[in-house]
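Whatever position you read off the sequence shown (first residue = 1), add 1 for the working numbering.
Every residue gets a Cβ at the ideal spot worked out from N, C-alpha and C, and that includes glycine.
In this text the structure is predicted, and so the values were computed from the model without any measurement.
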Amino acid sequence: MTALPLRGRDRELAVLRHTHTTVRAGRGMCVLVEGAPGVGRTRLLQEAVRIGREEGFEVVRVQADELDQYASRSSLLAALREAAEEADRDQAPQEAAEQPFWVLDRIAEILERRVHRAPVSVVVDDAQWADATTLSALRALPKRLADSRILWVLGVQTASGRSLARRAVDYLEENGATRLALHPLATEAITKIAEDLLGRAPEAGLAPLLRDVHGNPFLLVELLRALEQTGDQALIAGGPPVPAGFRRSVHRRLGALPSDALQLLQIGSVLGRRFDLTTAARMLDRRIGTLLPAVDAALDAQLLAEDGDRLAFRHELVRRAVYDELPRPVRSALHREAGDLLGTAGVPSAEVIRHVVLGGGPLDQESMRTLLKAVCDIAATVPEAAADLALEAADRLPPSDPRRIELLTEAAYQLSGTRRVHEALRLVNATLSDDLAPAQQAALRLVAAEIHQATGDDTSALAHTRLALALPDLPEDLRTQLLKTQGTGLVSTGEPAAAEAIGSMLVEASYRSRETAVVTSAMVFQSQIAFSRGRLSDAVELAEQARQRSDAEPHTIRLRPPRVPALWLATVLTATDRLEDAERTLREGQRQAEALGLGWSLPHWHAQRACVLLERGALDDAAVEAEACLAVADELEITRAVPLARSVLADVAVRRGDLSQARTQLRSAEATAGIANPPHGPWLALANAALLDAENHPREAADLIRRFGTGPAWLPAVPPSHWPRLVRIALRGGEREVAEAIRTVLERIAAEGGDQVITQAVHAHVRGLVEGSREPLEAAVRDYRRGARVLALAAAHEDLGNALISDGAVDEAVVQLREAQGLLRRYGAARDHDRVRRHLGDLGVRTAPGPHRPPATSGWDSLTESELRVVPLVAEGLTNRAIAERLYLSVHTVNTHLRHIFTKLDINTRVELTRVLMEREAAAPPES
2 MTALPLRGRD RELAVLRHTH TTVRAGRGMC VLVEGAPGVG RTRLLQEAVR
52 IGREEGFEVV RVQADELDQY ASRSSLLAAL REAAEEADRD QAPQEAAEQP
102 FWVLDRIAEI LERRVHRAPV SVVVDDAQWA DATTLSALRA LPKRLADSRI
152 LWVLGVQTAS GRSLARRAVD YLEENGATRL ALHPLATEAI TKIAEDLLGR
202 APEAGLAPLL RDVHGNPFLL VELLRALEQT GDQALIAGGP PVPAGFRRSV
252 HRRLGALPSD ALQLLQIGSV LGRRFDLTTA ARMLDRRIGT LLPAVDAALD
302 AQLLAEDGDR LAFRHELVRR AVYDELPRPV RSALHREAGD LLGTAGVPSA
352 EVIRHVVLGG GPLDQESMRT LLKAVCDIAA TVPEAAADLA LEAADRLPPS
402 DPRRIELLTE AAYQLSGTRR VHEALRLVNA TLSDDLAPAQ QAALRLVAAE
452 IHQATGDDTS ALAHTRLALA LPDLPEDLRT QLLKTQGTGL VSTGEPAAAE
502 AIGSMLVEAS YRSRETAVVT SAMVFQSQIA FSRGRLSDAV ELAEQARQRS
552 DAEPHTIRLR PPRVPALWLA TVLTATDRLE DAERTLREGQ RQAEALGLGW
602 SLPHWHAQRA CVLLERGALD DAAVEAEACL AVADELEITR AVPLARSVLA
652 DVAVRRGDLS QARTQLRSAE ATAGIANPPH GPWLALANAA LLDAENHPRE
702 AADLIRRFGT GPAWLPAVPP SHWPRLVRIA LRGGEREVAE AIRTVLERIA
752 AEGGDQVITQ AVHAHVRGLV EGSREPLEAA VRDYRRGARV LALAAAHEDL
802 GNALISDGAV DEAVVQLREA QGLLRRYGAA RDHDRVRRHL GDLGVRTAPG
852 PHRPPATSGW DSLTESELRV VPLVAEGLTN RAIAERLYLS VHTVNTHLRH
902 IFTKLDINTR VELTRVLMER EAAAPPES
């Protein structure tokens, strides 16, 4: 049958043509086509496909189905593979291919390669039903690949009840997607459609029908076809409202079918819009051959159509009309029967879960196992979706059912790492009860403790663990987890002796476990205690053992930060002379995490790398890694690493002199910490104190340092180059006792870690500040020169210069201050540079202006060294993944570099960047 012309959508078609033109020029775009069922959304997307092909786009089509929302495999990746050339086909090992974050990265890589051949159009209909992995890709990739020639056209049903899809659509719109809301068609367009279908102008007697379809073209077509087939004038003679009238029209057409065709359609409506004939035959207890006449009748009546290897209702509204005619008890019973049949047949769990959910009634053990498996599968990609499924299943169980508590605990755990952390805490508090079994109550309190600990509230975390550990008859593994969480909290609150007491019990229990994760986590905990005690060598040795053990069985380790061995090892190494080893550990650990699909850990790798780079004084690269952390956290809707990343960005902004930006970052950090009035973690406290000091509020800054501790557990939580800053802030604010306390701690750390040059340098630096003595500061300068911490060296030069001025040695002081000024200029610490410059000016020494950066759009000269390394690789045509591998970076770091480059050069696409580079090379003088 020839497709009818598209009527009444001229504006929408113009938008689609414009977006294709824009994308062809090199800029990615996203269009959201939103409308009620039957209003023409699918028809408009067919036009988008046609336009794309006419314009030379490679078109990737995905038709989502209601079943897909429970699937763990990506329909978008499947569509890309189906159309992929051999070079695009998947060569990854099977274990990686099963990991959802790997899927997201793989989709991006395939699309990047394909846009080098031609622009790409990704058209997804009924996106509200897309599987969780595809939905994550649709949410994240339009922004990540905004510089690529990719057009995303997503059809979404109005008022979809799926919150995950709604949030994805809102996110896309907030980030620049064009929204096309399909309203009911005007009377003129409806009349034209009737004329197209009838082959003549509609008679006056059809006016009530044209009016009563309320601008819905699908309803019009179906009612006119029903009228043509049945001749039933009741359809237009002042009948009921359109939805009921439409159901009546379908019912009349069903009444004209043989009984076996009607039964096939009824069973099919339960199985879904697309259904397998074999499954329908089994539910009807029929052989497939005996159903062939029924299939033919349904196809002839245009109620069903062929769709690949399945049958499909011609429209979701047709399926709903058949489905709604079934009594509710019958529907529920059929869903339960379908779930049992499909479960025993070994079909994908997504199909089984839909029927388990829609079947209602009590859950048997098999259905429960299926649901829990689905929760685990989906959790690896989208924890919120897993939590929602767990909550939905919990509602099906009586309050006293132990399985309900298990599901609610799992839901709270999955929500705890997302933006819905408030909801997770409310869920825990609402579920906790003295009537619960001890193990149930302890498991809930463990989730609550981990939430509080992740947001920096160790006091509340400890309260939960103490109450949980007081309960009788706890399983040993649960007790071990509680002890680990309690021990970590005691370390963080500066109670290492209590932590060590727990540690002896914990280690004994952990080493009896057969689980690698339990043993590895115990090693990390031992390392944390040693670190808090200042025993750096012991901390490094234990952390390296933990990493070696986890590397031996990487697929069995699923630990949350900070217990990921490589992440913790990098944290410890950052406090030693082995900064290069820390960076290498982070690079290798992140690559392994990406290969294993551990998407939830990726923001933490970026945040920790930002800390290491800041320690080295690489302000530009530290900021890029912190921004990459925010970008991947935003993609994955994971918040735990965000406060640390924003603290680094705030500290970089303070050093550059952009105090307004620093304040903005700190407000955002505190807002994302996850709970009301969150306590400041060490990094947040440091960044806030540095900002208050820069704003000339020394007393408030020093008071902040005093309130948040100077003990052995708190101090190592920030890298050593920051320790003299804490002393300097304390002395400026009149908190000499705080400065003395820090010196005392450092004396012990220096004694314990005497083989570390950085420890000796910082100890001498702090001693010189507290005593006002030049000799220790001279020793600090000598020791810093042996390492890579340039900003710490600059601070020591400045402090030594000040001490020399106090001793009357002005000429020597000028030499030291000039050394500090040179380092600060070279590494972009504008505010610190200006302070030293003013000091030199007070001494009568004239110096050059500071290193204030040009505006972001100031051109080529504003590009950093790291950005300049990316530019020629883009011009070579490498994908972001290939660039990342060439430069030993994360793909998210490359994305961040590209965003900065585009902003600074005032361009939007890779094509423009290539042109800029070619023009510069052409204008460059020839080499002699």
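Quickly, what does DSSP pair residue i with across the bridge? List them, please.
i      : result
Ala182 : Glu35
Arg151 : Before going on, a small fix: residue 151 reads as Ile here, not Arg. Paired residues: Val121.
Asp659 : DSSP output for Asp659 lists no bridge partner at all.
Arg826 : Paired residues: none, contrary to the question.
Gly156 : Val34
Asp127 : In the DSSP output, where bridge partners are listed per residue, Asp127 has none listed.
Glu113 : Glu113 pairs with nothing; no bridge assigned.
Gln64  : Asp126
Phe276 : Leu312
Glu367 : DSSP lists no partner for Glu367.
Glu59  : Val121
Kindly indicate the opening and closing residues of the alpha helix (DSSP H) around residue i.
i      : result
Arg882 : 881-888
Ser270 : 260-272
Asp213 : 208-213
Pro566 : 566-574
Asp835 : 831-843
His723 : Looking at the DSSP string, His723 is not in any alpha helix (DSSP H), and its letter there is neither H nor E.
Which residues in the same chain as residue i place their Cβ atom closer than 7 Å to its Cβ, once the five residues preceding and following it in sequence are excluded?
i      : result
Ile354 : Tyr71, Thr371, Leu372, Ala375
Glu317 : Pro38, Arg274
Pro203 : Thr192, Ala195, Glu196, Leu211
Gly9   : Leu186, Ala187, Ala190
Leu614 : Asp622, Ala623, Glu626
Ala797 : His766, Leu778, Ala781, Val782, Tyr785
Ile639 : Gly418, Thr419, Trp601, Pro604
Ser161 : Gln129, Arg167
Answer yes or no: the CB of residue i versus the heavy atoms of the ligand COA, is any distance below 6 Å?
i      : result
Val837 : Summarising the ligand content, the structure contains no ligands, and the ligand COA is consequently not present.
Applying the 10 Å Cβ sphere with the 16-neighbour rule, what's the burial state of residue i?
i      : result
Met506 : exposed
Pro6   : exposed
Gln549 : exposed
Leu587 : buried
Thr291 : exposed
Cys377 : exposed
His19  : exposed
Glu581 : exposed
Pro384 : buried
Met369 : buried
Ala752 : exposed
Val871 : buried
Leu869 : exposed
Pro926 : exposed
Cutting at 6 Å between CB atoms, please list the residues of its own chain near residue i, excluding the five before and the five after it.
i      : result
Met524 : Leu543, Gln546, Ala547
His465 : Arg446, Ala449, Ala450
Ser722 : Glu616, Arg790, Ala793
Ala386 : Ala133, Leu165, Ile379
Tell me where the beta strand (DSSP E) around residue i begins and ends.
i      : result
Ala187 : No beta strand (DSSP E) contains Ala187, which DSSP labels as neither H nor E.
Ala313 : 311-314
Asp308 : 305-308
By Cβ distance below 8 Å, which residues in the same chain neighbour residue i in space, the five residues on each side in sequence not counted?
i      : result
Glu307 : Leu300, Ala313
Pro403 : Ala438, Gln441
Ala642 : Pro562, Pro604, His605, His607, Ala608, Cys630, Ala634
Quiz item: With contact counted as at least three CB pairs below 8 Å, one residue from each stretch, are the stretch 602-609 and the stretch 777-797 in contact?
Solution: Under the 8 Å Cβ criterion, the stretch 602-609 does not count as touching the stretch 777-797, having fewer than three qualifying pairs.
Quiz item: Do the stretch 296-315 and the stretch 330-338 touch if we need at least three Cβ pairs shorter than 8 Å?
Solution: The answer is no - the stretch 330-338 does not touch the stretch 296-315, with fewer than three Cβ pairs under 8 Å.
Self-check item: Three-pair Cβ contact test at 8 Å for the stretch 654-665 versus the stretch 680-693
Solution: Taking 8 Å as the limit for Cβ pairs, the verdict is that the stretch 680-693 does touch the stretch 654-665.
Practice problem: Specify whether the stretch 836-845 and the stretch 877-888 touch according to this definition: at least 3 beta carbon pairs, one from each stretch, less than 8 Å apart. | Solution: No, the stretch 836-845 does not touch the stretch 877-888.
Exercise. Inspect the CB distances between the stretch 405-413 and the stretch 431-449 and report whether three or more fall short of 8 Å.
Key: The stretch 405-413 vs the stretch 431-449: in contact.
Exercise. Could you say if the stretch 615-631 and the stretch 803-813 meet the contact criterion of at least three C-beta pairs nearer than 8 Å?
Key: The stretch 615-631 and the stretch 803-813 do not touch, with fewer than 3 CB-CB distances between them shorter than 8 Å.
Quiz item: Okay, do the stretch 353-367 and the stretch 101-115 touch, 3+ Cβ pairs below 8 Å being the bar?
Solution: Touching, no.
Practice problem: Take every Cβ of the stretch 32-47, pair it with every Cβ of the stretch 149-159, and state whether three or more of those distances are shorter than 8 Å. | Solution: Look at the beta carbons and you see the stretch 32-47 touching the stretch 149-159: at least three pairs across the two are nearer than 8 Å.
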